[in-house]
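Visitor: Under numbering that gives the first Met the number 0, the first residue of the sequence shown carries the number 0, and numbering increases by one thereafter.
All C-beta atoms in this analysis are idealised placements derived from N, C-alpha and C, irrespective of residue type, glycine included.
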Amino acid sequence: MNGAQLLVAALENEGVKRIIGIPGEENLDVVEALRRSSIELVLTRHEQAAAFMAATHGRLTGEAGVCLSTLGPGALNLTTGAAYAQLGAMPMVMITGQKGVLSRKQARFQVVDIVSTMTPLTKMAYRIVGTATIPSIVREAFRVAQQERPGPVHLELPEDVAAEQGPDVPVVAPHPTALPVAEPAALDQAAELIRGAQYPLVMLGAAASRPRLADALSDFVRRVQIPFFNTQMGKGSVAGGSGLYMGTAALSARDYVHQAIDRADLIISIGHDTVEKPPFLMGPGGPIVLHVGYLPATVEEVYFPHAELIGDIGPSLALLADRLEGKLARAGALLPLRERILTHIADRAQESRYPLTPQRIVHDVRRVMPEDGIVCLDNGMYKIWFARNYRTRVANTLLLDNALATMGAGLPSAMMAAMLHPDRRVLAVCGDGGFMMNSQELETAVRLGLNLVILILQDNAYGMIRWKQAADGFADFGMSFGNPDFVTYARSYGMQGTRVDGADGLAPALEAAFAAGGVHLVTVPIDYSENMRVLVEELANIRE
Ligand SMILES: Cc1ncc(C[n+]2csc(CCOP(=O)(O)OP(=O)(O)O)c2C)c(N)n1
Ligand SMILES: [Mg+2]
0 MNGAQLLVAA LENEGVKRII GIPGEENLDV VEALRRSSIE LVLTRHEQAA AFMAATHGRL
60 TGEAGVCLST LGPGALNLTT GAAYAQLGAM PMVMITGQKG VLSRKQARFQ VVDIVSTMTP
120 LTKMAYRIVG TATIPSIVRE AFRVAQQERP GPVHLELPED VAAEQGPDVP VVAPHPTALP
180 VAEPAALDQA AELIRGAQYP LVMLGAAASR PRLADALSDF VRRVQIPFFN TQMGKGSVAG
240 GSGLYMGTAA LSARDYVHQA IDRADLIISI GHDTVEKPPF LMGPGGPIVL HVGYLPATVE
300 EVYFPHAELI GDIGPSLALL ADRLEGKLAR AGALLPLRER ILTHIADRAQ ESRYPLTPQR
360 IVHDVRRVMP EDGIVCLDNG MYKIWFARNY RTRVANTLLL DNALATMGAG LPSAMMAAML
420 HPDRRVLAVC GDGGFMMNSQ ELETAVRLGL NLVILILQDN AYGMIRWKQA ADGFADFGMS
480 FGNPDFVTYA RSYGMQGTRV DGADGLAPAL EAAFAAGGVH LVTVPIDYSE NMRVLVEELA
540 NIRE
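The structure is reproduced here in structure tokens:
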């Protein structure tokens, strides 16, 4: 076997079904080995999209997604995706080519030190220099990528190592590893803290959305009956309408949900990852914070828990619930605030204004998405509105990036969601800015025959920055642009496109797009004057 064949055999051994990316001539041995394997090669039109897709595979399944690129320029195009997976804790393995290590027939043409480039962006970046180590290195790469805290790993396979014939080294079989569960003494201490709280509140953070955790979290909340709120990336991790949801912290302070947070004397912070924009700001005199995590808390200026419960979160929470169930007289002490908070959030959700308000768009999207439908956001102003206003009842049904918060990932992440869940409705929601950063992938989506609807929110501007500019008192300057005619643009890719031209047109347009199947683009103008009215002026007045 040559190096490429060993690599592909090792990937099959990890259960890899597809590799996403754009090969270069340095990868041709790998491409040939893939042709003879069970693994599908999925071409994209930009490596960045391939990395976003691979990372989303990891995010949704817990198993590393795999992407492939050539050396130099192609590998550099993976870097934003690497950072996306690193900050977002998404397991991913990136494989890049390189010129030969033993001879350099093309001198330094296209040679960039990619291993050094990837080192600060990954959990591990490694150049393979001989065939014999390939099976063990691939096993190690997947182990590192998938274990807590998950993230990206980079492997560089130089073309001469890929082509080199070596001994048939056996692959290393993966095996499930159970994580340690929290110590009994730590569980007792945490239970005592919670029993002593007058106004307890649960917060579900980014790690709460790990695919394997959904059932355990829902059980915990149901058993202890303490109301909960989420961070943006913790959204959707408690199944069903528990009646205990208090809101999502899309802002760091002064939103309606902070009325509960500010009143709490104990916050049980489950799976919080400080890569997220802070859901609340710790300071002197605030509530006690109990951090429950796979790993100890990262201490920050705005997050410094007073106690910790460390270990496999699911089983640890079950043991904690054993100590608390039926013993918490004050469990629901903050619940009387719930109605008021949720009513404020739902304000004007059905207003018939055109262009549509963000609240109306969120409301109409929720109407056409079934409970298990998946909405994938790009980054822009609407992310705050979706995080705040879109209610989720199934884990990982609102995929957003509150970690790198990069533009351009909305469409690729939705494409991967549609590949993994062809039976569920998947909607990408993108601003006109973010959509155009990876719109070339419409061709990929059409070629793959995906069922996918893309909703473009059109304000002809980088709206989020325009809002910040206004909120900070700067003049309105430099944030507007023109757009292609999105309906014509969609049709040029061989897909359907619809423009919403009335306040009541969005829900029927989305419904028709899903009913038609295939890839469908819907564009709707958005009225962002609500940003100032609600997120600046109204919220400034809610201090009690
Ligand atoms: C790759 C990248 N570039 C720049 C930014 C900074 N940024 C955040 S939101 C935003 C504007 C997004 O515009 P658009 O996609 O049209 O969404 P809108 O806010 O207008 O709804 C910008 C420029 C970013 N987050 N990521
Ligand atoms: Mg915009």
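So Val499 and Ala508 are in contact, right, with Cβ under 8 angstroms, and what is the actual spacing, rounded?
Guide: The count along the sequence shown starts at 1 and reaches residue 499 at position 500. The count along the sequence shown starts at 1 and reaches residue 508 at position 509. That pair is a contact at about 5 angstroms.
Visitor: Kindly provide the ranges of any alpha helix (DSSP H) runs that are 4 or more residues long and lie completely inside the stretch 279–332, ordered along the chain.
Guide: List check, alpha helix (DSSP H) in window: 312–323.
Visitor: Between the Cα of Ile453 and the Cα atoms of Glu440, Ala263, Ala317, which residue gives the shortest distance?
Guide: Reading the sequence shown from its first residue, position 454 is the one you call residue 453. Per the Cα distances, Glu440.
Visitor: Compare the beta carbon distance of Lys164 and Asn26 with 7 angstroms and say whether it is the shorter of the two.
Guide: Along the sequence shown, one-based indexing puts residue 164 at 165. Along the sequence shown, one-based indexing puts residue 26 at 27. In the sequence on display, residue 164 carries Gln and not Lys. Their beta carbons are not under 7 angstroms apart, which means Gln164 does not touch Asn26 by this criterion.
Visitor: Nearest-angstrom Cα distance between Lys276 and Trp384?
Guide: Here residue 276 corresponds to residue number 277 of the sequence shown, with the count starting at 1. Here residue 384 corresponds to residue number 385 of the sequence shown, with the count starting at 1. Using only the alpha carbons, I get a separation of about 15 angstroms.
Visitor: Is Asp458 near ligand 2, with its Cβ less than 6 angstroms from a heavy atom?
Guide: The sequence position of residue 458 within the sequence shown is 459, counting from 1. It does: the Cβ of Asp458 is within 6 angstroms (strictly closer) of some heavy atom of ligand 2.
Visitor: Determine the DSSP secondary structure at His153, reduced to helix, strand or coil.
Guide: Against the sequence shown, residue 153 aligns to sequence position 154. His153 falls in the strand class under three-state DSSP.
Visitor: Alpha carbon to alpha carbon, how far is Gly430 from Leu456? Give it in angstroms, no decimals.
Guide: As a first step, residue 456 must be located in the sequence shown, where it is residue number 457. As a first step, residue 430 must be located in the sequence shown, where it is residue number 431. Roughly 5 angstroms separates the two Cα atoms.
Visitor: Entirely within the stretch 456–507 and at least 3 residues each: give me those beta strand (DSSP E) ranges in chain order.
Guide: DSSP runs (the beta strand (DSSP E)) wholly in the stretch 456–507: 495–498.
Visitor: Taking 6 angstroms as the cut-off, is the beta-carbon of Gly477 closer than that to any non-hydrogen atom of ligand 1?
Guide: Indexing the sequence shown from 1 puts residue 477 at position 478. It does not: the Cβ of Gly477 is nowhere closer than 6 angstroms to a heavy atom of ligand 1.
Visitor: Look up Ile266 in the DSSP assignment and give the residues it is bridged to.
Guide: Within the sequence shown, the letter at position 267 stands for residue 266. BP columns for Ile266 point to Leu200, Val288.
Visitor: Which term fits Val15, buried or exposed, when burial requires 16 or more other beta carbons within 10 angstroms of its beta carbon?
Guide: Your numbering for residue 15 matches position 16 in the sequence shown. Buried, since its Cβ has 16 or more Cβ neighbours within 10 Å.
Visitor: Does the stretch 80–88 come close enough to the stretch 117–132 to have 3 or more Cβ pairs within less than 8 angstroms?
Guide: Result yes; three or more Cβ-Cβ pairs closer than 8 angstroms.
Visitor: In three-state DSSP terms, what is Glu543?
Guide: Here the question's residue 543 lines up with position 544 in the sequence shown. For Glu543, the predicted model reports a pLDDT of 43, less than 50, meaning its position is unreliable; a value from the coordinates is still stated below. Correct three-state label for Glu543: coil.
Visitor: With a CB to CB cut of under 6 angstroms and the five nearest residues on each side skipped, what residues in its chain are close to Val111?
Guide: The sequence position of residue 111 within the sequence shown is 112, counting from 1. These residues qualify, in order along the chain: Gly71.
Visitor: Rounded to a whole number of angstroms, what is the C-alpha to C-alpha distance between Lys467 and Arg142?
Guide: The count along the sequence shown starts at 1 and reaches residue 467 at position 468. The count along the sequence shown starts at 1 and reaches residue 142 at position 143. For Lys467 and Arg142, the distance between alpha carbons rounds to 41 angstroms.
Visitor: By the 10 Å Cβ neighbour count, where 16 or more other Cβ atoms means buried, how is Lys98 classified, buried or exposed?
Guide: Taking the sequence shown and counting its residues from 1, one reaches residue 98 at position 99. When all chains shown are included, Lys98 counts as buried.
Visitor: Closest to Ala394 by CA distance: which of Val533, Val30, Leu203, Gly20 is it?
Guide: For the purposes of this step, residue 394 is identified with residue 395 of the sequence shown, where counting begins at 1. Ranking the options by Cα distance to Ala394, first place goes to Leu203.
Visitor: Below 8 angstroms on the Cβ atoms is my guess for Ala547 versus Leu355; work out the distance and round it to an integer in Å.
Guide: Since the first residue of the chain shown is 0 and the last is 543, residue 547 is not available in this structure.
Visitor: So, is Leu33 buried or exposed, given that buried needs 16 or more other C-beta atoms within 10 angstroms?
Guide: Walking along the sequence shown from the start, residue 33 turns up at place 34. Leu33 should be labelled buried.
Visitor: Under 8 angstroms: do the stretch 400–417 and the stretch 49–57 share three or more Cβ pairs, one atom per stretch?
Guide: In short, these stretches touch, since the Cβ pair count reaches three.
Visitor: How many whole angstroms separate the CB atoms of Gln258 and Leu327, which I take to be in contact at a CB cut-off of 8 angstroms?
Guide: The residue you call residue 258 lines up with position 259 of the sequence shown. The residue you call residue 327 lines up with position 328 of the sequence shown. Not confirmed; about 21 angstroms, so no contact.
Visitor: What do you reckon, is the C-beta of Tyr381 under 6 angstroms from a heavy atom of ligand 1?
Guide: Here residue 381 refers to the residue found at position 382 of the sequence shown. At least one heavy atom of ligand 1 is nearer than 6 angstroms to the Cβ of Tyr381, so yes.
Visitor: Would you say Val374 and Glu510 are within 7 angstroms of each other, going by their C-beta atoms?
Guide: Taking the sequence shown and counting its residues from 1, one reaches residue 374 at position 375. Taking the sequence shown and counting its residues from 1, one reaches residue 510 at position 511. No, these two residues do not count as a Cβ contact at 7 angstroms.
Visitor: Does the Cβ-Cβ distance between Thr396 and Gly235 come in under 7 angstroms?
Guide: Indexing the sequence shown from 1 puts residue 396 at position 397. Indexing the sequence shown from 1 puts residue 235 at position 236. For Thr396 and Gly235, yes; Cβs fall inside 7 angstroms.
Visitor: Do Ala502 and Met478 have their beta-carbon atoms positioned less than 7 angstroms apart in this structure?
Guide: What you label residue 478 is simply residue 479 of the sequence shown in a count that begins at 1. What you label residue 502 is simply residue 503 of the sequence shown in a count that begins at 1. Contact: no.
Visitor: Where His290 and Ala404 are concerned, what is the direct C-alpha to C-alpha distance, given to the nearest angstrom?
Guide: The residue you call residue 290 lines up with position 291 of the sequence shown. The residue you call residue 404 lines up with position 405 of the sequence shown. Each residue's alpha carbon lies about 24 angstroms from the other.
Visitor: Please report how far the alpha carbon of His362 lies from the alpha carbon of Phe476, in whole angstroms.
Guide: One-based indexing of the sequence shown puts residue 362 at position 363. One-based indexing of the sequence shown puts residue 476 at position 477. The alpha-carbon atoms of His362 and Phe476 are separated by roughly 31 angstroms.
Visitor: Short of 6 angstroms in beta carbon distance, which residues of its chain neighbour Asn12, apart from the five on each side in sequence? Order them along the chain.
Guide: The sequence position of residue 12 within the sequence shown is 13, counting from 1. These residues qualify, in order along the chain: Val170.
Visitor: Taking three-plus beta-carbon pairs below 8 angstroms as touching, is the stretch 209–223 in contact with the stretch 314–326?
Guide: Yes: the two stretches touch, three or more of their Cβ pairs being nearer than 8 angstroms.
Visitor: Rounded to whole angstroms, how far is the Cβ of Gly233 from the Cβ of Ala196, which I believe are closer than 8 angstroms?
Guide: Taking the first residue of the sequence shown as position 1, residue 233 is located at position 234. Taking the first residue of the sequence shown as position 1, residue 196 is located at position 197. Their Cβ separation, rounded to whole angstroms, is 20 angstroms, which puts Gly233 and Ala196 out of contact at 8 angstroms.
Visitor: So the beta strand (DSSP E) Ser438 belongs to, where does it begin and stop?
Guide: Start at 1 with the first residue of the sequence shown, and residue 438 comes out as number 439. Run containing Ser438: none; DSSP gives neither H nor E here.
Visitor: Using only the alpha-carbon positions, how far apart do Arg148 and Leu294 sit?
Guide: Against the sequence shown, residue 148 aligns to sequence position 149. Against the sequence shown, residue 294 aligns to sequence position 295. Distance between the alpha carbons of Arg148 and Leu294 is about 8 angstroms.
Visitor: Only counting the same chain, and skipping five residues up and downstream in sequence, which positions put a Cβ closer than 6 angstroms to that of Glu543?
Guide: Here residue 543 corresponds to residue number 544 of the sequence shown, with the count starting at 1. Any reading at Glu543 must be qualified, since the residue scores a pLDDT of 43, below 50, and its modelled position is unreliable; the value itself is stated next. For Glu543, where only same-chain residues beyond five positions count, there are no Cβ hits under 6 angstroms.
Visitor: Just to confirm the assignment, what range does the beta strand (DSSP E) spanning Thr522 have?
Guide: Locating residue 522 in the sequence shown gives position 523, where the first residue counts as 1. Start and end: 518–524.
Visitor: To the nearest angstrom, report how far apart Ala181 and Ser115 are at their CA atoms.
Guide: The residue given as residue 181 occupies position 182 in the sequence shown. The residue given as residue 115 occupies position 116 in the sequence shown. Between Ala181 and Ser115, the C-alpha separation is close to 37 angstroms.
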